[in-house]
Amino acid sequence: MPKVAVYNMQGQVVGEMELSEQVFGGPVNEAVLHSAVVMQMAGRRQGTASTKTRAEVRGGGRKPWRQKGTGRARVGSIRSPLWRTGGVTFGPKPRNYGYNLPKKVRRLALRSALSAKVKEGNLLVVDQLSLPEIKTKEM
Numbered sequence: 073m074p075k076v077a078v079y080n081m082q083g084q085v086v087g088e089m090e091l092s093e094q095v096f097g098g099p100v101n102e103a104v105l106h107s108a109v110v111m112q113m114a115g116r117r118q119g120t121a122s123t124k125t126r127a128e129v130r131g132g133g134r135k136p137w138r139q140k141g142t143g144r145a146r147v148g149s150i151r152s153p154l155w156r157t158g159g160v161t162f163g164p165k166p167r168n169y170g171y172n173l174p175k176k177v178r179r180l181a182l183r184s185a186l187s188a189k190v191k192e193g194n195l196l197v198v199d200q201l202s203l204p205e206i207k208t209k210e211m
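Counted from 1, the sequence shown has number 134 at position 62 by our numbering; the numbering is strictly sequential.
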């Protein structure tokens, strides 16, 4: 069973704590950790990029010139994607990039992350979190 030092609010070691082998002593699965981190980052993406289609661009309701007899190409609107100041054909639209991993995979990723922290010695346990004021300066 992995053991971790227990600290008080002043940063002094006041004891030792045994951690569960199931949660903190398992193997570190880096592939699952990577997929969990990518999922978290995908959910944080803003996803607000947007362009206007030919329907959303201002103007272009009237046919620019008649269909036949001018010698020019036939055109229905001046806001066609082929034209300058026309709409964008398949441009970005606001969307949600988030997705979910299966619950068992998310739990495995959490166990892997906790196990990795214990193996690196980066896990801190505080005996009692009591602050006179809720200020970061007090920590």
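Beta carbons: idealized from backbone N, C-alpha and C, even for Gly.
query	result
Under the DSSP definition of a beta bridge, which residues are partnered with residue 197?	78
If you check the beta carbons only, do residue 76 and residue 198 fall under 7 Å apart?	no
Tell me whether residue 186 is buried or exposed, calling it buried when 16 or more other Cβ atoms sit within 10 Å of its Cβ.	buried
Between the stretch 152-164 and the stretch 124-134, do at least 3 Cβ pairs fall closer than 8 Å?	yes
With a cut-off of 8 Å on the beta carbons, I'd call residue 104 and residue 184 a contact; round off their distance for me.	6 Å
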